[in-house]
Amino acid sequence: MNAGGTTIRRFDRVAPAGDRSEHDRAVAVEAPVAIEVNGLGYAVLMATPNNLDDLAHGFVLAERLADRSDEVVEVSAHATDAGTLLRVTLVPERHDRISDRVRHRVSESSCGLCGIENLEQALRPLPTVTARSTADDAALFAAAAALRDHQPLARATGATHAAALCATDGSIRLVREDVGRHNAFDKMIGAMRRGGFDWDGGFALLSSRCSFELVEKAVLAGCPMLATLSAATTLAMDRAAAAGLALRTLVRSDAMLAS
3 MNAGGTTIRR FDRVAPAGDR SEHDRAVAVE APVAIEVNGL GYAVLMATPN
53 NLDDLAHGFV LAERLADRSD EVVEVSAHAT DAGTLLRVTL VPERHDRISD
103 RVRHRVSESS CGLCGIENLE QALRPLPTVT ARSTADDAAL FAAAAALRDH
153 QPLARATGAT HAAALCATDG SIRLVREDVG RHNAFDKMIG AMRRGGFDWD
203 GGFALLSSRC SFELVEKAVL AGCPMLATLS AATTLAMDRA AAAGLALRTL
253 VRSDAMLAS
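As structure tokens, this is what we get:
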């Protein structure tokens, strides 16, 4: 289930002076990944088709279809002409929850409120974050400075996001990449759960902006602090404050924003 995340394409490289030359370059793979849960079609993501076991585990936790990773019985990926079908089987006790969620969906973009029939479903109450990060400011700056070295797909293509699990000293313990920031975070959370990692007073660092969906994924995963390289939206800040999630945004070499 871990197909390569890049392919080679040929371009005409154009210089400012007008010189042209053929240029082979790695391009990030973006393809449809249809997620089926307990036999019900649930979502179609546009994703990088690697680390799909991690994606499946993180996705069902973020969607509140499962409460724990051990409720995932099986994950299987099936290549089709149109993309990848990702079949996820949860324990039978979760089938009613899955059916209820499907009834409240018309379609799914995984990137906003598309497909949600009403605002109550879109902005469901979040649990309160009880864990606290013990990472200091120096750890945040250290992690942000090191992140690029842990992004092989981004270095090769310039087209992918990263989500990292960071220790209290800012060292990076685990990274997942994807063309979608939501998918990258789901993959990282799924990899944590499958690998037995815990937050241990650390934090999550994302290469993207801080949107409300990422805040919700962080809260549901029990993350004590979410840091992003770009800025937060108003809804992200409001949802984080309501849930008690610490935010560090616009984390750059010279400053960051704390809220």
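Be aware that the sequence shown starts at 3, since it is given in the working numbering, and climbs by one per residue.
In this text, a Cβ means the ideal position worked out from N, Cα and C, and glycines have one as well.
In the DSSP annotation of this structure, the continuous segment of the beta strand (DSSP E) that includes T8 starts and ends at 8-16.
A contact is defined here as three or more CB-CB pairs under 8 Å, and the segment 149-165 meets this definition with respect to the segment 208-217. Secondary structure at G224: coil, using DSSP grouped into helix, strand and coil.
Taken in chain order, the complete beta strand (DSSP E) segments of 3 residues or longer contained in the segment 15-42 are 22-30, 33-39.
The beta carbon of D180 is closer than 7 Å to those of A49, T50, T162, H163, A186, K189 in its chain, skipping five residues each way along the sequence.
With a cut-off of 8 Å on Cβ pairs, the segment 73-81 is in contact with the segment 89-100, counting three or more such pairs. As summarised for the segment 154-200, the continuous beta strand (DSSP E) elements at least 3 residues long and confined to that stretch are 163-168, 174-180, given in chain order.
Per DSSP, the continuous beta strand (DSSP E) segment holding V74 begins and ends at 74-81.
In the three-state DSSP reduction, T235 falls in the coil class, being neither helix nor strand. Secondary-structure assignment with DSSP links A260 through a beta bridge to R250.
8 Å or more divides the Cβ of R183 from the Cβ of F199. Per DSSP, reduced to three states, the secondary structure at A68 is coil, with no helix or strand assignment. With 16 or more other Cβ atoms from the protein chains shown falling within 10 Å of its own Cβ, A238 counts as buried. Excluding its 5 nearest sequence neighbours in each direction, V16 has C-beta neighbours in its own chain below 8 Å: R22, listed in chain order. Taking all protein chains shown into account, L42 has fewer than 16 neighbouring C-beta atoms within 10 Å of its C-beta and is therefore exposed. Bounds of the beta strand (DSSP E) holding A206 are 205-208.
Cβ neighbours of H97 within its own chain (closer than 8 Å, five residues either side excluded): N40. When rounded, the separation of the alpha-carbon atoms in E218 and I191 is 12 Å.
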